[in-house]
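Below you'll find the structure, written out as structure tokens, and then a few comments.
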Amino acid sequence: MIILIEQLQMIKCLILKLEKIVRIQETILKYKQEKKNSKILNQQYHNDFNQLMNSFHTIQNTQRKYQKFNFKLKKLIKTTKDTLFQEKNQKHHIFFQRQMKQNVYEKEQIQRLNKTEALKFNKETNQFNGFNIRQRIKKITLKNHHVLKKLLLGLNHQWRIKVQLLCHFIQRI
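Residue numbers (UniProt numbering): 1 to 173.
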């Protein structure tokens, strides 16, 4: 019976040791599970961080492309405005030069008429032979008046004043 009691005590001790081992194994399993979960969480965090950085880089690249495009667009608009302005000024300049040449030609014609009409002066009537030079000049300037008005509309303020003074001077002759 003593042997039996000793064996029972031994079994009891073994059971206690086994329980201890089972608890240790449970804690080890729990720790392993937590470690596995933390690795999964860490991996998820790492993946989320990589996605966030990728989206940030795409946003930066898009912003750079937009800035380059915006710069090119502004440059294109500026060059287009400059070329249009130059073409407009060149057209007005050419038109104005033609008009000035025509005015010079008309003045030369008037001077020639003055010389020829001076020879045709009728001493009896004290007038030119059926020809009034002043009326002739007015006809020439009125004929070109609508052309000058069109020219004035396209010019800037400084040129408009110059052309108006020129017209006024021509009409006073």
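The C-beta atom is built at its ideal place from N, Cα and C for all residues, glycine as well. Model, not experiment: these values are computed from the prediction.
Check	Outcome
When you compare only the Cα positions, how much space is there between Met-10 and Ile-3?	10 Å
Using only the alpha-carbon positions, how far apart do Lys-17 and Ile-28 sit?	16 Å
Measuring straight from C-alpha to C-alpha, what distance separates Lys-20 and Leu-8?	18 Å
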